[in-house]
Amino acid sequence: ANVGIKDNEFGAYDFFAIRSIESGEELLWDYEAAEYEIGAFSKCLCGSDKCREYLGGFKTSGDKIQELYGDYYANYLKDT
11 ANVGIKDNEF
21 GAYDFFAIRS
31 IESGEELLWD
41 YEAAEYEIGA
51 FSKCLCGSDK
61 CREYLGGFKT
71 SGDKIQELYG
81 DYYANYLKDT
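So, in structure tokens, the structure goes:
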């Protein structure tokens, strides 16, 4: 991922660059930074060298999400 998320006053997310992004580069964010549990799909297809391959949600990857994105993940997950 090259962007992290923060809640905004409208109940949605704002996206913030968490590293330099080249012109024309696709913006990528991590579903597990916004979802406590992912059940609709589980295999990640992002293709990144750093891919975790499995998406279970913050419930299963919370420590890794905090390590990777610092404060850039959904507020409601910070209370879990």
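Residue numbers (my numbering): 11 to 90.
We put the beta carbon where it would ideally sit given N, CA and C, even for glycine.
Three-way DSSP call (helix, strand, coil) for residue i in this model
i, result
"Lys74", "helix"
"Tyr83", "coil"
"Asp17", "strand"
"Asp89", "helix"
"Tyr46", "coil"
"Phe68", "helix"
Buried/exposed call for residue i, threshold 16 Cβ in 10 Å
i, result
"Ala22", "exposed"
"Tyr79", "buried"
"Asp81", "exposed"
"Glu77", "exposed"
"Glu42", "buried"
Straight-line Cα distance separating residue j from residue i
i, j, result
"Phe25", "Tyr64", "23 angstroms"
"Phe83", "Lys74", "Inspection of the sequence shows that residue 83 is occupied by Tyr rather than by Phe. Straight-line Cα distance between these residues: approximately 12 angstroms."
"Ile15", "Leu37", "12 angstroms"
"Ala86", "Cys61", "Sequence inspection shows Tyr at residue 86; the Ala mentioned does not correspond to that position. Each residue's alpha carbon lies about 24 angstroms from the other."
"Leu55", "Glu19", "31 angstroms"
"Glu47", "Gly34", "31 angstroms"
"Thr90", "Gly57", "29 angstroms"
Original post:
Is there contact here, the segment 12–32 with the segment 63–70, by at least three beta-carbon pairs under 8 angstroms?
Top reply: no
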